[in-house]
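Report on one structure; see the data block that follows.
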Amino acid sequence: MTRRNHRVAVLVLPGAKPLDVGIPAQVFSTRASMPYEVRVCGAAPGLVTGGDGLSYHVADGLDALEWAETVFIPGYRHPDRDEPPVAVVDALRAAHARGARLAAISTGAFALAATGLLDGRRATTHWHYTEALAARHPLIWVDTNVLFVDEGAVLTSAGAASGIDLCLHLVRRDHGVAVANHAARRLVAAPYRSGGQAQYVPRSLPPELGPVFAATREWALRRLDEPLTLDALARNANVSPRTFSRRFVEDTGYTPMQWVLRARVDMARELLERSDLGVEQIAARAGLGTGANLRLHFQRILGVSPSDYRHTFAAGE
């Protein structure tokens, strides 16, 4: 069965930041490997003055929000003093009421917050503006230490680069890990980073070990079917287990063993999507041991059984 492309609108507000606009427009661009269709819109068709010396000519106005199933709100300059137009707020509320999901990148969270749809929910924004968001909208639980927050129909992300993480998270949610990993490879981006990973805020840090740990993660990904212990990972990174554990959490948002488990589940997901292997064979290849163990972790992490996951995301359906 051929799936209809998912419709995505990118709403460009005055002062919009170029990278924030470009990320969803590029990630969800219409192509054979990405079952999405994108429209870039503004409060009205025509020229929108952006930030950083750039402007945008958008073909669509707010009618694109009536068409869209997902609406992205990129960040914009001076969100702590500039309120979004009433027409924009009303259109976002109407899109949400119709069933569209709304996703804000960086300071786009302020426009989303103006709708009242974040009241009583968790949300985040760029670290420079978290206090301002909390002060202006005290009913929102502003989480200052995450890359993105998924509240189902409303999502928010931190600074611009975390917009990539949010977009890949949505692709993974919509179409499975294989499509998301393909998109990540095209973007030369990390396939997944935890939404709970800390934002990179100014603070005193010990010497950078990120590249070393990246090499260790690559080493581990090639050995998921083998026993992988904390000591073995730390030995590969040439640091103590204690240092490895602490810095690994800072680097990924997961403990080393949580990360290994999720990497194994992701490998199992891709095998379920792209092969006819049975559950026991997949469990062995992914280092999860038995089919029962695979089912346990699938249900706990993803909330579905392997068979239901395969039925939803298997290639060609």
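Everything in the sequence shown is counted per this note's numbering, starting at 147 for the first residue and increasing by one.
A virtual CB, placed ideally from N, CA and C, is assigned to each residue, including glycine.
Keep in mind it's a predicted model, so treat the numbers as computed, not measured.
- With distances taken between CB atoms, is the gap from V217 to V292 smaller than 9 Å? Not in contact: V217 and V292 (Cβ atoms no closer than 9 Å).
- With a threshold of 16 other CB atoms inside 10 Å of the CB of T362, please say whether the residue is buried or exposed. By the 10 Å Cβ count, T362 comes out buried.
- Item | Touching by the beta-carbon criterion (3+ pairs, under 8 Å), the region 163-181 and the region 291-309 | Cβ pair count under 8 Å is three or more, so yes.
- Touching by the beta-carbon criterion (3+ pairs, under 8 Å), the region 437-448 and the region 394-405: By the Cβ rule, the region 437-448 does not count as touching the region 394-405, because fewer than three pairs are nearer than 8 Å.
- Task: Specify the secondary structure class of H242 as computed by DSSP and reduced to three states.
- Result: Helix, per DSSP.
- Task: Check whether the Cβ atoms of V194 and P160 sit closer than 9 Å, and answer yes or no.
- Result: Going by C-beta atoms, V194 is nearer than 9 Å to P160.
- Message: Can you tell me whether D377 is helix, strand or coil according to DSSP?
- Response: Residue state, collapsed to three classes: helix.
- Query: For L355, is the classification buried or exposed, using 16 other Cβ atoms within 10 angstroms of its Cβ as the cut-off for buried?
  - Reply: Annotation note: pLDDT 49 at L355 (below 50); position unreliable, no value reported.
- Would you tell me roughly how many angstroms separate the C-alpha atoms of T373 and A304, rounded to the nearest one? Checking the displayed sequence, the identity of residue 373 turns out to be Pro instead of Thr. In a straight line, the C-alpha of P373 is about 35 Å away from that of A304.
- Query: Can you give the Cα-Cα distance for H328 and H272, rounded to whole angstroms?
  - Reply: Using only the alpha carbons, I get a separation of about 27 Å.
- Message: Our contact map puts R456 next to L418 with C-beta atoms below 8 Å; I'd like the distance itself, whole angstroms only.
- Response: Their Cβ separation, rounded to whole angstroms, is 4 Å, which keeps R456 and L418 in contact under 8 Å.
- Task: Given a cut-off of 9 Å, decide if L258 and A240 are closer than it, judged by their beta-carbon atoms.
- Result: Against a cut-off of 9 Å, the Cβ pair of L258 and A240 comes out as no contact.
- Query: I think G424 touches L370, with their Cβ atoms under 8 Å apart; what is that distance to the nearest whole Å?
  - Reply: The C-beta separation of G424 from L370 comes to about 18 Å, leaving the pair out of contact by the 8 Å criterion.
- Roughly how many angstroms lie between the CA atoms of F294 and A414, to the nearest whole one? So the two alpha carbons sit approximately 25 Å from each other.
- Task: Specify the secondary structure class of D371 as computed by DSSP and reduced to three states.
- Result: In this structure, DSSP gives D371 a state outside helix and strand, which the three-state scheme calls coil.
- Message: Short of 6 Å in beta carbon distance, which residues of its chain neighbour N151, apart from the five on each side in sequence? Order them along the chain.
- Response: Excluding sequence neighbours, N151 sits near P181, Y182 and E183.
- Message: Can you list, in chain order, the residues of its chain with a C-beta nearer than 7 Å to that of I428? Leave out the 5 residues immediately preceding and following it.
- Response: Excluding positions up to five away in sequence, the list reads A414, L417, L418 and L440.
- Query: Distance, Cα to Cα, P191 vs R244?
  - Reply: Rounded to the nearest angstrom, the two C-alpha atoms are 22 Å apart.
- Query: Does DSSP put D226 in a helix, in a strand, or in coil?
  - Reply: It is coil, neither helix nor strand.
- Task: Inspect the beta-carbon positions of F256 and L285 and report whether they are closer than 9 Å.
- Result: Their beta carbons are not under 9 Å apart, which means F256 does not touch L285 by this criterion.
- Item | Start-to-end residues for the alpha helix (DSSP H) that takes in T401 | Where T401 is concerned, there is no enclosing alpha helix (DSSP H), given that its DSSP letter is neither H nor E.
- Task: Measure the CB-CB distance between R268 and D289 and report whether it falls below 9 Å.
- Result: Between R268 and D289, the C-beta gap is smaller than 9 Å, which places the two residues in contact.
- Task: Mind checking which residues open and close the beta strand (DSSP E) that includes Y492?
- Result: The chain is shown only over 147 to 463; residue 492 falls outside these bounds and no answer can be derived.
- Query: Who are the near neighbours of E215 in its chain, counting only those whose CB is closer than 6 Å to its CB and skipping five residues on each side?
  - Reply: For E215, where only same-chain residues beyond five positions count, the Cβ hits under 6 Å are H152, R153 and A246.
- Message: Buried or exposed, going by whether 16 or more other CB atoms sit within 10 Å of the CB of G199?
- Response: When all chains shown are included, G199 counts as exposed.
- Query: Of all the options R446, H321 and H315, which has the alpha carbon lying nearest to the alpha carbon of A335?
  - Reply: Checked all of R446, H321 and H315; the closest Cα to A335 is H315.
- Item | For L440, the first and last residue of its enclosing alpha helix (DSSP H) | Per DSSP, L440 is one residue of the alpha helix (DSSP H) stretching across G437 to L448.
- Exposed unless 16 or more other CB atoms sit within 10 angstroms - verdict on D265: It counts as exposed.
- Report, in whole angstroms, the separation of the C-beta atoms of V158 and G188, which I expect to be a contact under 8 Å. Yes, V158 and G188 are in contact; Cβ-Cβ is about 5 Å, under 8 Å.
- Query: By Cβ distance, which residues of its chain are closer than 6 Å to A299, with the 5 residues on each side in sequence left out?
  - Reply: Setting aside the 5 residues that flank it on each side, A299 is surrounded in the same chain by R247, each with a C-beta closer than 6 Å to its C-beta; the list follows chain order.
- Give the straight-line distance between the Cα atoms of T401 and G322, rounded to the nearest whole angstrom. Going by C-alpha positions, T401 is about 23 Å away from G322.
- Task: Rank S386, Y202, S451 and R223 by C-alpha distance to the C-alpha of G168 and give the top, closest one.
- Result: Per the Cα distances, Y202.
- Query: By Cβ distance below 7 Å, which residues in the same chain neighbour S453 in space, the five residues on each side in sequence not counted?
  - Reply: If we look at S453 and ignore the five residues flanking it on each side, it has no Cβ neighbours.
- Message: Using 8 Å for Cβ pairs, my map puts S391 next to L376. What's the rounded Cβ distance?
- Response: S391 to L376, Cβ: 7 Å. Contact.
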